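> Take this structure, written in structure tokens, and hold onto it; I'll ask about it next.
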Amino acid sequence: EDQVTQSPEALRLQEGESSSLNCSYTVSGLRGLFWYRQDPGKGPEFLFTLYSAGEEKEKERLKATLTKKESFLHITAPKPEDSATYLCAVPTTGTASKLTFGTGTRLQVTL
Amino acid sequence: NAGVMQNPRHLVRRRGQEARLRCSPMKGHSHVYWYRQLPEEGLKFMVYLQKENIIDESGMPKERFSAEFPKEGPSILRIQQVVRGDSAAYFCASLGIVGSGNTIYFGEGSWLTVV
Chain A
1 EDQVTQSPEA LRLQEGESSS LNCSYTVSGL RGLFWYRQDP GKGPEFLFTL
51 YSAGEEKEKE RLKATLTKKE SFLHITAPKP EDSATYLCAV PTTGTASKLT
101 FGTGTRLQVT L
Chain B
112 NAGVMQNPRH LVRRRGQEAR LRCSPMKGHS HVYWYRQLPE EGLKFMVYLQ
162 KENIIDESGM PKERFSAEFP KEGPSILRIQ QVVRGDSAAY FCASLGIVGS
212 GNTIYFGEGS WLTVV
């Protein structure tokens with residue numbers, strides 16, 4: 001059965017304190033790994049898709065990396081507005097777009 | 112997010128009533144997904160539709176839930192005879208192509224409360 005596990009469940013950082021979120025997955029024949037950001041009361045906002053081990057993508061203070069078993073979302077010098085839940089997801093085995101989600105990492109960045 | 116439109120954003124229903132949630136995908140997208148997010152749980156796939164066709168409904172509860180995506184108009188997720196356990200956020204998503212791969216864009220969700 002496909003599994004996506006995110007850690008930690010919650011993370012509290014001070015502004016400027018860099019860290020990484022982890023997403024480990026078990027799926028046959030990875031067809032991409034998606035990262036989303038979700039604010040309270042909102043829908044998931046697309047951040048990145050990674051397709052192959054070694055691939056990296058960046059957007060502002062965020063950088064996503066992918067290995068054969070896990071992905072990391074690195075947050076460099078975070079600001080309070082980066083506070084959100086970060087979700088990762090992979091297409092279910094045998095599909096290209098039906099997603100299995102992790103339960104997310106709830107990030108809080110304080111001044 | 113702005114491109115996938117869902118309504119209503121918030122809906123309150125009494126037990127036994129029907130709930131209808133609507134979704135218009137991003138312009139040019141003809142594939143729609145519905146996901147459910149229960150309190151303190153992750154997003155769970157419910158159904159995948161193309162216009163006039165259900166592709167995969169493996170995540171739909173067997174009873175009371177149905178979905179359609181007609182040739183004209185929005186996709187509809189219908190929940191009959193709602194129970195308290197149906198209280199959740201229901202998200203619609205549509206599939207687009209960005210660069211060389213697929214990207215799935217979500218709407219802002221419809222929050223259903225059953226009282």
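Read top to bottom, the protein sequences are chains A and B. No gaps in the numbering here: position 91 of the first sequence is 91 in the working numbering, and each next residue is one more. Count along the second sequence from 1, then add 111; that gives the number in the working numbering. Built from N, CA and C at the ideal position, the CB exists for glycine as well. These figures come from a predicted structure and were not determined experimentally.
#1: Excluding sequence positions up to five away, which residues of its chain have a Cβ less than 6 Å from the Cβ of residue 93 (chain A)?
#2: Applying a beta-carbon distance threshold of less than 8 Å, which residues of chain A neighbour residue 215 (chain B)?
#3: Considering only the alpha carbon of each residue, which of B:168, B:196, B:175 and B:197 lies closest to residue 143 (chain B)?
#4: Buried or exposed, going by whether 16 or more other CB atoms sit within 10 Å of the CB of residue 172 (chain B)?
#5: Beta carbon of residue 64 (chain A), beta carbon of residue 56 (chain A): below 8 Å?
#6: Of all the residues that make up the segment 164 to 187 of chain B, which are near chain A by a beta-carbon distance shorter than 7 Å?
#7: Give me, in chain order, the residues of the same chain whose beta-carbon lies closer than 8 Å to that of residue 122 (chain B); leave out the 5 immediate sequence neighbours on both sides.
#8: Skipping 5 residues on each side, what residues in its chain have a beta carbon closer than 7 Å to that of residue 19 (chain A)?
#9: Is the separation between the beta-carbon of residue 66 (chain A) and that of residue 86 (chain A) shorter than 8 Å?
#10: So the beta strand (DSSP E) residue 117 (chain B) belongs to, where does it begin and stop?
#11: Strictly under 8 Å for the Cβ-Cβ distance: is residue 139 (chain B) near chain A by that measure?
#12: Pop quiz: residue 153 (chain B) and residue 216 (chain B) are said to be a contact at Cβ under 8 Å. What is the actual Cβ separation, rounded to whole angstroms?
#13: What three-state label does DSSP hand residue 39 (chain A) in the structure shown?
According to the data block:
#1: Within the first sequence, numbered from 1, the residue matching residue 93 (chain A) stands at position 93. Within the same chain, residue 93 (chain A) has close Cβ partners 2, 27 and 28.
#2: Counted from its first residue, the second sequence places residue 215 (chain B) at position 104. Within chain A, the residues near residue 215 (chain B) are 34, 46, 97 and 99.
#3: For the purposes of this step, residue 143 (chain B) is taken as residue 32 along the second sequence, with counting starting at 1. Among B:168, B:196, B:175 and B:197, the Cα nearest to that of residue 143 (chain B) is on B:168.
#4: If you number the second sequence from 1, residue 172 (chain B) lands on position 61. With fewer than 16 Cβ atoms within 10 Å of its Cβ, residue 172 (chain B) is classed as exposed.
#5: Residue 64 (chain A) sits at position 64 when you count from the first residue of the first sequence. Residue 56 (chain A) sits at position 56 when you count from the first residue of the first sequence. It is a contact, given that the beta carbons lie within the stated cut-off.
#6: Of all residues in the segment 164 to 187 of chain B, only 167 place a beta-carbon less than 7 Å from a beta-carbon of chain A.
#7: Reading the second sequence from its first residue, position 11 is the one you call residue 122 (chain B). Scanning its chain for C-beta atoms nearer than 8 Å, with the 5 sequence neighbours on each side dropped, one finds around residue 122 (chain B) the residues 130, 132, 221, 222, 223 and 224, in chain order.
#8: Translated into the one-based positions of the first sequence, residue 19 (chain A) becomes position 19. When the five nearest sequence neighbours on each side are left out, the beta carbons in the same chain lying within less than 7 Å of the beta carbon of residue 19 (chain A) are those of 11, 13 and 75, in order along the chain.
#9: Taking the first sequence and counting its residues from 1, one reaches residue 66 (chain A) at position 66. Taking the first sequence and counting its residues from 1, one reaches residue 86 (chain A) at position 86. No, these two residues do not count as a Cβ contact at 8 Å.
#10: Translated into the one-based positions of the second sequence, residue 117 (chain B) becomes position 6. Start and end: 116 to 118.
#11: As a working mapping, residue 139 (chain B) is identified with position 28 in the second sequence. With 8 Å as the cut-off, residue 139 (chain B) does not count as an interface residue toward chain A.
#12: Numbered from its first residue, the second sequence carries residue 153 (chain B) at position 42. Numbered from its first residue, the second sequence carries residue 216 (chain B) at position 105. About 18 Å separates the two Cβ atoms, so there is no contact after all.
#13: If you number the first sequence from 1, residue 39 (chain A) lands on position 39. Residue 39 (chain A) falls in the coil class under three-state DSSP.
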